[in-house]
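Comments concern the structure below.
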Amino acid sequence: MAVAAPNLLIVDDDVDFAAATADLARAHGFTPHLAHSLEQSRRFAKLPSLDLMLLDLSLPDGNGLDLLDELDLPSHGQIAVVTGHPSVESAARAVSLPIIEYLIKPILPAQFDALLNQAKSRARTLAEPVSGRNGIVGECAAMRRVLDDIERIAPSPVSVLLTGESGTGKELVARALHRESGRSGPFIAVNCGAIAPELLASHLFGHERGSFTGAAGRHVGYFEQAHQGTLLLDEIAEMPAALQVYLLRVLETGTVTRVGGTDEVPVDVRIVAATNRDPLQAIADGSLREDLYYRLSDFSIELPPLRHRGNDVNLLARCFLNRLNERYATQKQFASGTDRILEQHPWPGNVRELRSAVQRAFLIGREQDEVCVIPGVRRLAAVQHDPTQVVFSVGMSYADVEREMLLKTLSHFGNDRTRTARALGVSVRTIHNQINRLRAAGESQL
Amino acid sequence: MSTVVRDTRSGPKDAKRGARTNGAKGIDAGIPDLTQWVHQLRNELNTVTMANAAAAYGLDHHQPTEAVRENLRRVQLACLRCAALLQGFPPHR
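If you read the sequences in order, they're chains A and B.
Using the working numbering, read the first sequence as starting at 1 and increasing by one per residue.
Using the working numbering, read the second sequence as starting at 1001 and increasing by one per residue.
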C-alpha cells in the first residue's frame, strides 16, 4: 500500500530560503507547504496531517510561537524553530511548547536532513500498525537483542534467567519463550514472592494425602502441571533458601517428589526464572543461592528499563491506545506534544506505569477528546523528599501546588507564619486560612 | 555560454543598500543596529546554505537545469546582500 508523502510546513518570511528549503524537502520525498506570515500559516491549520513544521520566530505580523497557541496542529506534527534572532525569552517559551529543536540560522543542511529523517521515520511508524514480534513491542537496540535472543534460544531446553526492573515485561518474554519453544505442555507462571513460604513447596512440587494438616487429598504441583511445558518462577530470589536447595535438585534430576511422598515423578519442564533484583547482589546478601543461580542462568536476558528505550515509549503508548480504541470502539488520538511528555518522563514503573497512564488518560477523556497523558502518579513523593525545593509537574492541581508551596515555605522558616507570608507575598491571614483549610482536610504535617 | 541571472523580486540594487525586499523583517534599510545587522546576516547565510545545498543536490541528481539555476540565483543574490551588509560594518543607528 502506497504511503502518502509526509507534509512539511515552512513558516518563514524569507521567500528564497523557504523556496530552497522546499526544493530540498521535495527531493527527500516531502510535500512542502510555504507560509510567509502568521496569516498565511493559518490556512494550513486543517491539513490532514503535518509531519514537520519549520517555524521562524520573526514574522511580519507577529511572533511565530503565537501560532502554536492558535493552531490545532495534527497530533503527531513535529515543530522545529529556526530563528536568526535567538533569545533566552523565546528559547524558554519554546521549552514549554512541543518543540523538538531550536535552531539558529544559518542551519546546516545536515541538521535539516536529520529533521526530515526523524519526521519521515515517525510518519512511517505512525502509518504502520503497531504489532511487535511475539507480542512484544520494541524497536530500540536493546529490545531487538532481546527479541533475537528469544527466537534463538526458545527451541532449546535451557533454563533462562530474566532480569530487569519491575514492569519491564519479564512475564511477556517468558510467554514468548514458551510460544516459540514448540513445547506441547502449558505455560504456568508462579510468583514465588506471593505464596506463603510454608505453602510454596506444596504449590510447586505437590503433596500426598495426609502429608500435613489439611492435606485432604493428593495435590499435583506446578512442576507436574507444567509437564512438557514452561514454568515461570517469578521473583526467584524471594524463594526460601531451603526450597532453593530442593529446586536445584529437581532441576538436576528432572524428577520431583511430592511433599509427604516417596515416589520420584519424572517431569519435563523448561524453567524460566525471573527477578527484579541484581542476581549477584541477591547472591551476596544470601537471598539467592549461587549454585541455583548458575543452574538457572544457562542463558540470561536482561530487560531494559523503559527510560532507556528511546522511541519505544511512543510505540508502546500508541499500541495501548489502539487496544483501548478497539475495545471501546472509539478513535481517540493523543494530544499534540504527547511524544515529548512521554519521552521526558522517567517511567520508574516502566511499561506497567505507561499502560496505566494511557488507560487513565483514555478513560478520563470524553468521546471526541484527544488523550492527554499525564504521567507521574509518584510525583508528590518525589516532591516531599527535598525540603528546599518545590517541584511542579504537569497535571498537578492548584490545590497540590499551593499545599506544597505552603508546607515547604513554612518548614523553611521554622513555622514562622509572618516570615512565610512575607516570602510568599500574601497576608498572614491568608496563611492562617490556608493552614486551617489543610488541617480541616486532614493534613498531618501541620 | 554565460548565464544571465535575473531577479524579478530583489536584486543587486537592493543588495547594495543592504536592504531586503525579499523577506523583510521590518528592519529599516541601511542603518541597522548590531542586533539587526547580525539578524540580517544570519538570514542571508541561511539562504546561502540551503539554496546551495538544494543546487548541489540538483546537480548530483541530474535535476532540470532550471531548478538548479533558480537555487544558484538565490545563492548569488543572498551573497550580494551579505557583501552589502559586510560593507556596512560596523552598523550604527
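Ideal placement from N, C-alpha and C gives every residue a C-beta, glycine not left out.
These figures come from a predicted structure and were not determined experimentally.
* When DSSP labels each residue in this structure, what does phenylalanine 112/A get in the three-state scheme? -> Taking the first residue of the first sequence as 1, we reach residue 112/A at position 112. Residue state, collapsed to three classes: helix.
Exercise. Just the C-alpha distance for glycine 450/A and leucine 204/A, rounded to the nearest angstrom, thanks.
Key: The question about residue 450/A has no answer here: the residues shown for chain A are numbered 1 through 446.
| Interface residues of the segment 82-106 of chain A facing chain B [CB-CB below 8 Å] | Val82, Gly84, His85, Ile104, Lys105, Pro106
| query | If contact means a Cβ-Cβ distance below 9 Å, which residues of the segment 1058-1073 of chain B contact chain A? | reply | Gly1058, His1061, Gln1063, Ala1067, Glu1070, Asn1071, Arg1073
Exercise. Assuming proline 266/A contacts threonine 257/A (C-beta within less than 8 Å), just tell me the rounded distance between them.
Key: Within the first sequence, residue 266/A is the residue found at index 266, counting from 1. Within the first sequence, residue 257/A is the residue found at index 257, counting from 1. Between threonine 257/A and proline 266/A the Cβ distance is about 11 Å, and since that is not below 8 Å, they are no contact.
Report yes or no: is there a C-beta of chain B within less than 8 Å of the C-beta of proline 109/A?
In the first sequence, the residue the question calls residue 109/A occupies position 109. So, interface residue.
### Outcome for arginine 378/A when other beta-carbon atoms lying within 10 angstroms are tallied against a minimum of 16
Locating residue 378/A in the first sequence gives position 378, counting from the first residue. Note that arginine 378/A scores a pLDDT of 40, beneath 50, so its modelled location is shaky; the value from the coordinates is reported in the next line. Classification for arginine 378/A: exposed.
For this session: Report the rounded CA-to-CA distance for tyrosine 1057/B versus asparagine 117/A, giving the unit in angstroms.
Result: Counting from one through the second sequence, the residue named residue 1057/B turns up at place 57. Counting from one through the first sequence, the residue named residue 117/A turns up at place 117. Going from the Cα of tyrosine 1057/B to the Cα of asparagine 117/A covers about 16 Å.
| From what residue to what residue does the alpha helix (DSSP H) around asparagine 433/A run? | Here residue 433/A refers to the residue found at position 433 of the first sequence. First-last of the alpha helix (DSSP H) with asparagine 433/A: 428-440.
At the level of alpha carbons, what is the spacing between arginine 249/A and glutamate 151/A?
Counting from one through the first sequence, the residue named residue 249/A turns up at place 249. Counting from one through the first sequence, the residue named residue 151/A turns up at place 151. Distance between the alpha carbons of arginine 249/A and glutamate 151/A is about 28 Å.
### Query
Using the C-alpha atoms, what's the distance from alanine 142/A back to isoleucine 79/A?
Stepping through the first sequence from its first residue, residue 79/A is reached at position 79. Stepping through the first sequence from its first residue, residue 142/A is reached at position 142. Straight-line Cα distance between these residues: approximately 28 Å.
TODO: Please check if any C-beta of chain A sits within less than 8 Å of the C-beta of leucine 1045/B.
DONE: Taking the second sequence and counting its residues from 1, one reaches residue 1045/B at position 45. Interface residue, yes.
ask   = So, are the CB atoms of alanine 176/A and alanine 189/A less than 8 Å apart?
value = Against the first sequence, residue 176/A aligns to sequence position 176. Against the first sequence, residue 189/A aligns to sequence position 189. Cβ distance not < 8 Å, so alanine 176/A and alanine 189/A don't count as in contact.
- Query: Short check: CB of valine 15/A to CB of methionine 53/A, under 8 Å?
  - Reply: The residue given as residue 15/A occupies position 15 in the first sequence. The residue given as residue 53/A occupies position 53 in the first sequence. No, the Cβ-Cβ distance between valine 15/A and methionine 53/A is not below 8 Å.
| said: Measuring straight from C-alpha to C-alpha, what distance separates glutamate 326/A and cysteine 319/A? | reply: The residue labelled residue 326/A in the question sits at position 326 within the first sequence. The residue labelled residue 319/A in the question sits at position 319 within the first sequence. Their Cα atoms are separated by approximately 11 Å.
Problem - Cβ-based contacts, 9 Å cut-off: residues of the segment 11-24 of chain A near chain B - result: Asp12, Asp13, Asp14, Val15, Asp16, Phe17, Ala18, Ala19, Ala20, Thr21, Ala22, Asp23, Leu24
Alpha helix (DSSP H) segment containing asparagine 1046/B, residue limits:
Here residue 1046/B is taken as the residue at index 46 of the second sequence, counted from 1. Asparagine 1046/B -> alpha helix (DSSP H) spans 1034-1060.
*If you run the structure through DSSP and keep just helix, strand and coil, what is glutamate 39/A?*
Taking the first sequence and counting its residues from 1, the one referred to as residue 39/A is at position 39. It is helical.
Cα separation between cysteine 140/A and asparagine 311/A? Within the first sequence, residue 140/A is the residue found at index 140, counting from 1. Within the first sequence, residue 311/A is the residue found at index 311, counting from 1. So the two alpha carbons sit approximately 7 Å from each other.
*Among all the DSSP beta bridges, which residues are the ones paired with leucine 1072/B?*
Reading the second sequence from its first residue, position 72 is the one you call residue 1072/B. For leucine 1072/B, which the question treats as bridged, DSSP gives no partner whatsoever.
Can you pull the chain A neighbours of leucine 1077/B, defined as C-beta to C-beta under 9 Å? Along the second sequence, one-based indexing puts residue 1077/B at 77. Correct list: Asp16.
Span of the alpha helix (DSSP H) around arginine 270/A
As a first step, residue 270/A is located in the first sequence; it is residue number 270 there, counting from the start. That residue, arginine 270/A, is in no alpha helix (DSSP H); its beta strand (DSSP E) goes 270-275.
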